[in-house]
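K.L.:
Numbering-wise (the numbering used here), the sequence shown opens with residue 325 and increments by one.
The structure is given below, and queries will be raised subsequently.
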Amino acid sequence: MRILVVEDEENLAESLRQGLSADGHRVEVAHDGHRGLELARTGGPYDAVVLDLMLPGLDGHEICTRMRAHGDPTPVLMLTARDGERDEADGLDAGADDYLTKPFSFVVLGARLRALARRAAAPEPTVLRVGDLVLDPQDRRCRRGTRDIELTTRELGVLACLMERPGRAVAKQDILDEVWDAPHAIDPNIVEVYVSSLRRKIDAPFGRRSILTVHGTGYRMAPDGG
Ligand code: CA
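Structure follows, in structure tokens:
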């Protein structure tokens, strides 16, 4: 894969370059936000971008937002030294597809990058419809009625899990197993972050409630689409 790494900590950037190169990837490194955005726009196409959140110049959040505003769908894995749901939600709002907190295991990073690339290359082919909610995982398109809704890769995976089983309770762990590449390493409660962000996109603006909480289990897609 061709990977862009945007990371200002030089030791970490260098070990990422060496490690990913040793895994057979072609790696380019930027040490500040402006250079990172420039490479993302003109140096690609890349198969994935590893993007540090805290950067001099433009931060990772801003870079990701600008890439998405330009219609750049390259999978983005955000790195952050901070830990907490709020930070992850920020990254996801900016259009990042995945998120890793420093310090991280190189093995996990490699697996997540492969998973992102795989999902970007070979999404599920079926168009899902529940009520007026339509999800085409192949084209990465979601709409309610006639209105298009932008979703990240991960949001799309979580929503597809629920829309494939309308009216049925789906456990958080099952969502994790289906959508995440190394689910044993992740707290199932992370699913809540994605469900919150989905509700803000597919329900709240339309005054609807399609993703229902099943206490003690997980979630259920309203059979009529909310
Ligand atoms: Ca940094």
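Backbone N, C-alpha and C fix where the C-beta goes; we use that ideal spot for every residue, glycine too.
1. Mapping DSSP to helix, strand and coil, what is V482?
2. In terms of alpha-carbon separation, which member of V432, K525, A546, G540 lies closest to D417?
3. Quick check: what's the CA-CA separation for I499 versus V515?
4. Go through the residues and name those whose CB comes closer than 6 Å to any heavy atom of ligand 1, in chain order.
5. Would you mind giving the Cβ-Cβ distance between V494 and L483, rounded to the nearest angstrom? I have them listed as a contact below 8 Å.
6. Return the first residue and the last residue of the alpha helix (DSSP H) that Y518 is part of.
7. If you reduce the DSSP assignment to three classes, tell me which class G542 lands in.
8. Compute the beta-carbon to beta-carbon distance between G419 and T389, rounded to the nearest angstrom, for a pair I have assumed lies under 8 Å.
9. Can we say the segment 498-513 touches the segment 435-444, given the rule of at least three CB pairs closer than 8 Å?
10. What is the DSSP secondary structure of T404, reduced to helix, strand or coil?
11. Measuring alpha carbon to alpha carbon, tell me which residue in Q497, F530, F430, A445 is nearest R467.
12. Could you please give the first and the last residue of the uninterrupted beta strand (DSSP E) stretch that includes T425?
13. If you count every other CB in all the chains shown that lies within 10 Å of the CB of I510, and 16 or more means buried, which is it?
14. Check whether the Cβ atoms of E336 and V374 lie closer than 8 Å to each other.
15. What does DSSP give as the partner residues of C466 in its beta bridges?
16. Sort out for me which residues DSSP pairs L376 with in a bridge.
17. Over the uninterrupted alpha helix (DSSP H) stretch that includes L586, give me the two end residues.
18. Mark L536 as exposed unless 16 or more other C-beta atoms lie within 10 angstroms of its C-beta, in which case mark it buried.
19. Please identify the residue among G540, P490, L328 whose C-alpha is closest to the C-alpha of L452.
20. So is D422 buried or exposed if we call it buried at 16+ other beta carbons inside 10 Å?
21. Can you tell which of P547, V458, R478 has its C-alpha closest to the C-alpha of T470?
P.N.:
Reading it off the structure:
1. helix
2. K525
3. 7 Å
4. With the cut-off at 6 Å, the residues found are D332, E333, D376, M378, L379.
5. Contact doesn't hold; Cβ gap of about 11 Å is too wide.
6. 514-522
7. strand
8. 7 Å
9. Short answer: they touch.
10. strand
11. F530
12. 422-425
13. That one is exposed.
14. The identity of residue 336 in the sequence shown is Leu, whereas the question assumes Glu. No, the Cβ-Cβ distance between L336 and V374 is not below 8 Å.
15. L459, I473
16. The residue you asked about is not Leu; residue 376 is Asp in the sequence shown. Partner residues in the beta bridge of D376, as assigned by DSSP, are L403.
17. Any question about residue 586 goes unanswered here, given that the chain covers just 325 to 550.
18. exposed
19. P490
20. buried
21. V458
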